[in-house]
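Colleague: Residue numbers (our numbering): 235 to 450. Where a beta carbon is used, it is the ideal one built from N, C-alpha and C, also for glycine. Quick caveat: nothing in here was measured; it's all calculated off a predicted structure. This is the structure I have questions about; it appears just below.
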Amino acid sequence: MKLNLGPLEGRILGGLVEKELATPEYYPLTLNALVAACNQKNNRDPVMQLSTDEISPALTVLQYDKKLVATFSGSGARVVKYTHRLTETLGVDTPELAILCELLLRGPQTPGELRGRAARLHPFASPADVKAVLGALAARQPDPYVVELPRAAGCKENRFAHALGDASVLAPPVAAAPPPVSSQPRPLSGSEARICALEERIAALEARLAALQGHS
Numbered sequence: 235m236k237l238n239l240g241p242l243e244g245r246i247l248g249g250l251v252e253k254e255l256a257t258p259e260y261y262p263l264t265l266n267a268l269v270a271a272c273n274q275k276n277n278r279d280p281v282m283q284l285s286t287d288e289i290s291p292a293l294t295v296l297q298y299d300k301k302l303v304a305t306f307s308g309s310g311a312r313v314v315k316y317t318h319r320l321t322e323t324l325g326v327d328t329p330e331l332a333i334l335c336e337l338l339l340r341g342p343q344t345p346g347e348l349r350g351r352a353a354r355l356h357p358f359a360s361p362a363d364v365k366a367v368l369g370a371l372a373a374r375q376p377d378p379y380v381v382e383l384p385r386a387a388g389c390k391e392n393r394f395a396h397a398l399g400d401a402s403v404l405a406p407p408v409a410a411a412p413p414p415v416s417s418q419p420r421p422l423s424g425s426e427a428r429i430c431a432l433e434e435r436i437a438a439l440e441a442r443l444a445a446l447q448g449h450s
């Protein structure tokens, strides 16, 4: 299913899903709460500084054009609150929704990173569980919900990105000129190796922390 989400729409939907799974007692969200969720500094990449004037038009598109957001007015409610409709629209379960949420909020990630970061939304018992969910999302027809990206130099795992946005978001940047052909592989720079090693260590620590929290 092609949703053609822009970055702002993805951030709004990711924020709604996150609050539903992580803090259901505060869900659905008022407009002010949604703005705060979109502008959080933790668990966001990139960090945004959005105003209600920017979020309100995007909400209108999501609600009336794309049918991905609905309003909620409970008995005695004095303000309009917003809910997402990704579960029904995409036909996903909670583990799949948790993975899509993290990809919407933080961009491309490895399975190890996703396991640690999504634990606050849904506990994954093993790396194999995360890979199974990613495989199911990538196999959706006629359009996959996630895509596997080429492995970055020096990294042990491929990253995955959601495929719910504009195709141009996933397209590789156009190079100004092709590099000269060489029979020798490009040596890995020290900074690239350190970054990949650090990312893998962080993912491992996040997974261990999630496991400890699950046993507490």
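Any idea what DSSP makes of A373, helix, strand or coil?
Modeller: Coil at A373, not helix or strand.
Colleague: How is the alpha helix (DSSP H) around T321 delimited, first residue to last?
Modeller: 320–324 is the extent of the alpha helix (DSSP H) around T321.
Colleague: Rounded to a whole number of angstroms, what is the C-alpha to C-alpha distance between I246 and A372?
Modeller: Cα to Cα, I246 sits roughly 23 Å from A372.
Colleague: Comparing alpha-carbon positions, which option in L331, T286, Q343 lies nearest V251?
Modeller: Minimum Cα distance to V251 is reached at L331.
Colleague: Short check: CB of K253 to CB of L239, under 8 Å?
Modeller: No. Outside cutoff.
Colleague: Going by DSSP, name the residue or residues bridged to H396.
Modeller: V380, per the DSSP bridge assignment.
Colleague: Within its chain, find whatever has a CB closer than 7 Å to the CB of G249; leave out the 5 residues flanking it on each side and keep chain order.
Modeller: Excluding positions up to five away in sequence, the list reads L268, A271, C272.
Colleague: Hey, would you say R278 sits closer than 8 Å to R340, going by beta carbons?
Modeller: It is a contact, given that the beta carbons lie within the stated cut-off.
Colleague: With DSSP collapsed to three states, give me the class of P262.
Modeller: Coil, per DSSP.
Colleague: Measure the C-alpha to C-alpha separation of A256 and F358 and round it to an integer number of angstroms.
Modeller: Distance between the alpha carbons of A256 and F358: 15 Å.
Colleague: Could you tell me if V314 is buried or exposed, where buried requires 16 or more neighbouring beta carbons within 10 angstroms of its beta carbon?
Modeller: Exposed: under 16 other Cβ atoms inside 10 Å.
Colleague: With the cut-off set at 8 Å, would you say A366 and V381 are in Cβ contact?
Modeller: Not in contact: A366 and V381 (Cβ atoms no closer than 8 Å).
Colleague: In this structure, does DSSP put K365 in helix, strand or coil?
Modeller: Three-state DSSP puts K365 in a helix.
Colleague: Please work out which residues of its chain come closer than 7 Å, Cβ to Cβ, to R385, disregarding the five sequence neighbours upstream and downstream, and give them in chain order.
Modeller: For R385, where only same-chain residues beyond five positions count, the Cβ hits under 7 Å are N392.
Colleague: Around the Cβ of L221, are there at least 16 other Cβ atoms within 10 angstroms (buried) or fewer (exposed)?
Modeller: Nothing can be reported for residue 221: it is not among the residues displayed for the chain, which extend from 235 to 450.
Colleague: Under the three-state reduction of DSSP, which class applies to A304: helix, strand or coil?
Modeller: Correct three-state label for A304: strand.
Colleague: Just how far apart, CA to CA, sit P241 and S360?
Modeller: Their Cα atoms are separated by approximately 30 Å.
Colleague: When the Cα of L265 is compared with those of L355, C335, L293, which residue comes out closest?
Modeller: Comparing Cα positions, the closest option is L293.
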